[in-house]
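Accompanying notes for the structure given below.
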Amino acid sequence: METEPLLSGNINRGSVDYGSRHNSSHSDPESAESSRTRTPTYSASDQEHDGDLYVQQAVVFIEDAIHYRSINHKVDSESLRIYRWYYSRLCRWGLGFTIAVILALAFVEKPSSITYTSDPRFRPAPWEPPCGLTEAIEIVCLIIFITDVSVKGYLIGWEEFRLNKWLIGYVLIIAASVVDWSITVAMLCNETIRVRRLIRPFFLLQNSSLMKKTLKCIKRTLPEIASVILLLALHLCLFTMIGMLIFPKSEDAKENGEWETYFRSLPQALSSLLVLLTTANNPDVMVPAYSLNRGYALFFILFSVCGTYILMNLLTAIIYNQFRGYLLMSVQASILRRQLGIRAAFEVLCCQGQGHGDDSEGHVGKVRVHKVLEVMSRVQMKSFYREAVIKAAQQIPDGFVDGEAFQRLFDELDKDRIKEHPPNPQYSSPVLQWIQNTCSQYYLSLVGNVVAMTNVICICTVLVLDSEKTVSERNDSYMEIINCAFILYYLLEMALKLISLGWKGYLSYKNNIFDGVFTVLLLGLQITIFVTYKIPYQKPIPAQRGMMSMWEMVRLANMLIVFRFLRIIPEIKLMALVASTLVDLVKNLRAFAGILVVVYYVYAVIGIWLFHGAIPPPGSPSMDSSVNAENSTSNFTMECGSYEQLEYWPNNFDDFASSLVLLYDVMVVNNWQVFMDAYTRYTTEWSKVYFVSWWLTSSVMWVNLFVALILENFTYKWDKSHTLSVSDVERTRYETSVQQMFRQHIQEPTEEELLVQLQQHRHLQLSR
291 METEPLLSGN INRGSVDYGS RHNSSHSDPE SAESSRTRTP TYSASDQEHD
341 GDLYVQQAVV FIEDAIHYRS INHKVDSESL RIYRWYYSRL CRWGLGFTIA
391 VILALAFVEK PSSITYTSDP RFRPAPWEPP CGLTEAIEIV CLIIFITDVS
441 VKGYLIGWEE FRLNKWLIGY VLIIAASVVD WSITVAMLCN ETIRVRRLIR
491 PFFLLQNSSL MKKTLKCIKR TLPEIASVIL LLALHLCLFT MIGMLIFPKS
541 EDAKENGEWE TYFRSLPQAL SSLLVLLTTA NNPDVMVPAY SLNRGYALFF
591 ILFSVCGTYI LMNLLTAIIY NQFRGYLLMS VQASILRRQL GIRAAFEVLC
641 CQGQGHGDDS EGHVGKVRVH KVLEVMSRVQ MKSFYREAVI KAAQQIPDGF
691 VDGEAFQRLF DELDKDRIKE HPPNPQYSSP VLQWIQNTCS QYYLSLVGNV
741 VAMTNVICIC TVLVLDSEKT VSERNDSYME IINCAFILYY LLEMALKLIS
791 LGWKGYLSYK NNIFDGVFTV LLLGLQITIF VTYKIPYQKP IPAQRGMMSM
841 WEMVRLANML IVFRFLRIIP EIKLMALVAS TLVDLVKNLR AFAGILVVVY
891 YVYAVIGIWL FHGAIPPPGS PSMDSSVNAE NSTSNFTMEC GSYEQLEYWP
941 NNFDDFASSL VLLYDVMVVN NWQVFMDAYT RYTTEWSKVY FVSWWLTSSV
991 MWVNLFVALI LENFTYKWDK SHTLSVSDVE RTRYETSVQQ MFRQHIQEPT
1041 EEELLVQLQQ HRHLQLSR
């Protein structure tokens, strides 16, 4: 419980009405009966103390609303101070850094990924950390997690804590990690498997409310798509049996190509068609039969049309539709949290008005504007939104804000930011005025884009002409002179824009910053070339002076020039929208990418446990004790298209980093059957279960969800900006979030629903 009551002074907490003020002298019987409010008595010190407490509560509730956090936590002054410290940027970044560190330990722990290559033929012995190094880092991280869950438990109270399954799981995961860590230390780091590596991603999930919502939505979506997955399995099994009937073993060995390669057994036939479902082995799987009779192509075409183009796309549509429905439900809960936090802030400020009845007479259920401004000055939020809310509050005419108007003030949080550029500088010189008027025209940017394109075309021409020449045969001086001329123009363009817009106006455009940074880098590189290789350049040009040869410097300059050409993106509306969508995906869809990271992490750890050292390099004994050298030799094959013939040796499960790369290769599904075949030969047929489950999880489920959310994000932006010009799109800063993307499909909670939720708050204990 709180160390201080919500309402200090001689007051019955259970009889407080935060929404209105009643005096026994003029309140009607019906309202008195419904609210049952008793007017408290306050001393001057009590009023000052309570006033500060109410402001603290309102500030925290508004911060909860901004970040879609629950308001079910303690609200006494000491708890509020700890609460704001707990959710401060420093603590959040610190906790995030701790999670990143404990997850990154997988790259260093045995088997270590600290080598320059993952190819076992050339890989040197990796650096192994001494026993106790990673364990010391890990125990520090675990202590931080213990502190985190302890503080969180204190802030929300035991009643809330025991009802939160994630926090209970948090405690259990920490306990299991500590026990496993103790076993490692007791065995002097000689244990075979570290179980805690498998459960570390839980810390990442626990730290993100949106990731938890997303995971819950995925869990609810799985039963909904079971029927389509079953239909897909029936389709696969049906064509497998038909294929085995069509391609049996023949008396003529020349006609057994299809049977021997793809339909020799039921598991092999099932695997072949499953890979064909992803089109990874098309048309290879069809060629042996198609070469004998063109009619056999109908079997494979019919299988692909029904499976790949109908059932798989139907599965994608169902996954997206069902997941979107559950995500809407979760976003609805987030919006309720925001509205509830705002309403709670209004209620506690109203409560303060009840305690000081002198100036609030006649303003029942209202809050003074100056009190709102005081609260907003202490809220930690983006300055743009604070200024917008304060400006809206100052425009309220009578100086008091009711509940509905208070809610509307925070509609500013959902509005896009329109960035106004600073005014152009005023010059008295006619020359500078002429330059400003001339360079403020759009044609200057158009000419700059044409020049940048010409520069890129020159680089492409030189690359084509010199593609067959070695580095020593190339004449780099020509390319250097061309680049020098273009860089001088870039400097001139940059100077003209600075004169026209002023340095503040110049920096207010992101494309100008992008352009200016590359221009300065090119200038610095050009000066370095001049200083190092002198002017005019000697014949022949020395191979190398200093750290880099002239060819390397020119090549670096060419790369910078090519990247600088991306300046055209803001000039084209559709390209600008696509680019901003990509930026928003990084910022606002991190929760969805985070769950993919969790899945990658878990599968990589399991892959190391199952397949570490399973495929030895040629000429070396197996590194897995379960596979002897004789068996390894019998499994080795140089058949065309095999793991060995394609030299896929760097793709393995020998360490954590290489495991992640191999899982990515399988997710892309190009040649994923090569890995499945290799590990089947070197281990058992059951290894296919691992690869197929990863394909279903990553490629079928998650990639489809991610693509759908990309479309949702882009559609949201396109609908909002299709009436805007290119300049308006550049000025608009879309504060896109998952909640805002689906906001138009969500019904706002009513006042009655908000008051009912507030009544259930364990620490406010409102009474209406």
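All the letters of the sequence shown, read from the start, carry residue numbers 291 to 1058 under this note's numbering.
Every residue gets a Cβ at the ideal spot worked out from N, C-alpha and C, and that includes glycine.
Check	Outcome
Would you kindly work out how many angstroms separate the C-alpha atoms of THR970 and LYS978, rounded to a whole number?	7 Å
With 16 other CB atoms within 10 Å as the buried threshold, where does LEU1054 fall?	buried
I'd like to confirm the pairing. Which residues does DSSP put opposite ARG658 in its beta bridges?	PHE690
Going residue by residue through the region 549 to 629, where are the continuous alpha helix (DSSP H) segments of at least 4 residues, counting only ones entirely within it?	556 to 567, 577 to 582 and 587 to 594
Just to confirm my understanding: we take ARG627, look at its own chain, exclude 5 residues before and 5 after, and list those with CB closer than 8 Å. What are they?	ASP354, ALA355, TYR358, ARG359, SER360 and ILE361
Below 7 Å CB to CB, which residues in the same chain sit around LEU950 once its five sequence neighbours on both sides are set aside?	TYR890 and ALA894
LYS455: which of LYS502, SER467 and GLU1043 sits nearest, CA to CA?	LYS502
Would you tell me roughly how many angstroms separate the C-alpha atoms of SER321 and CYS381, rounded to the nearest one?	Bear in mind that the predicted position of SER321 carries a pLDDT of just 38, short of 50, making it unreliable; the figure below should be weighed with that in mind. Using only the alpha carbons, I get a separation of about 46 Å.
Express the C-alpha separation of LYS661 and PHE265 in angstroms, rounding to a whole number.	The structure shown does not extend to residue 265, since the chain is modelled only from 291 through 1058, so no value can be given for it.
Once you ignore the five residues that flank LEU385 on each side, which residues in its own chain have a CB closer than 8 Å to its CB?	ILE434, ASP438 and ASN497
Do the region 840 to 852 and the region 765 to 782 make contact, defined as three or more Cβ pairs closer than 8 Å?	yes
Pick out whichever of ILE803, LYS794, GLN723 and SER402 has its Cα sitting closest to the Cα of GLU418.	SER402
I'd like the list of long-range same chain contacts for ILE749, defined as Cβ closer than 6 Å, with 5 residues on each side in sequence excluded.	ASN848
How is SER673 classed by DSSP in three states: helix, strand or coil?	helix
Would LEU370 and VAL350 be called neighbours here (beta carbons separated by less than 7 Å)?	yes
PRO416: which of LEU423, TYR406 and THR424 sits nearest, CA to CA?	TYR406
Report the CB separation of LEU1048 from ARG698 in whole angstroms; it is logged as a contact under 8 Å.	With a Cβ gap of about 19 Å, LEU1048 and ARG698 do not count as contacting.
Please classify SER408: is it buried, with 16 or more other beta-carbons within 10 angstroms of its beta-carbon, or exposed?	buried
By the 10 Å Cβ neighbour count, where 16 or more other Cβ atoms means buried, how is GLU1038 classified, buried or exposed?	exposed
Is PHE946 near PHE537, with beta carbons less than 7 Å apart?	no
Touching or not, the region 880 to 887 and the region 469 to 478, by the rule of three or more beta carbon pairs under 8 Å?	no
Given 8 Å as the limit, is there contact between the region 982 to 993 and the region 441 to 460, that is, 3 or more CB pairs closer than that?	no
Measure how close the beta-carbons of LEU781 and LEU813 come, nearest whole angstrom, since I'm counting them as under 8 Å.	6 Å
Can you tell me whether GLY689 is buried or exposed, with buried defined as 16 or more other CB within 10 angstroms of its CB?	exposed
Taking LEU423 as the reference, give the member of LYS442, ARG413 and LYS400 with the closest Cα.	LYS400
How far does the alpha helix (DSSP H) with MET534 in it reach, from first residue to last?	516 to 536
Taking its Cβ as the centre, do 16 or more other Cβ atoms sit within 10 Å of VAL807, making it buried, or is it exposed?	exposed
Any idea what DSSP makes of SER369, helix, strand or coil?	helix
Could you tell me which of GLN963, MET957 and ALA607 sits nearest to TYR933, measuring between CA atoms?	GLN963
What would DSSP say about GLY903, mapped onto helix, strand or coil?	coil
Does the Cβ-Cβ distance between PHE882 and THR511 come in under 7 Å?	no
Within this structure, are the beta carbons of ILE591 and LEU494 separated by less than 7 Å?	no
For GLN346, count neighbouring C-beta atoms within 10 Å of its own C-beta (all shown protein chains included) and say buried if the count is 16 or more, exposed if not.	buried
Since ASN994 and THR606 should fall inside the 8 Å C-beta cutoff, what is the C-beta to C-beta distance between them, to a whole number of angstroms?	4 Å
Confirm, please, whether the CB-CB distance from PHE943 to ILE898 is below 7 Å.	yes
Beta-carbon of HIS525 versus every beta-carbon of chain B: anything under 7 Å?	In the displayed structure, chain B is absent; only one protein chain is listed.
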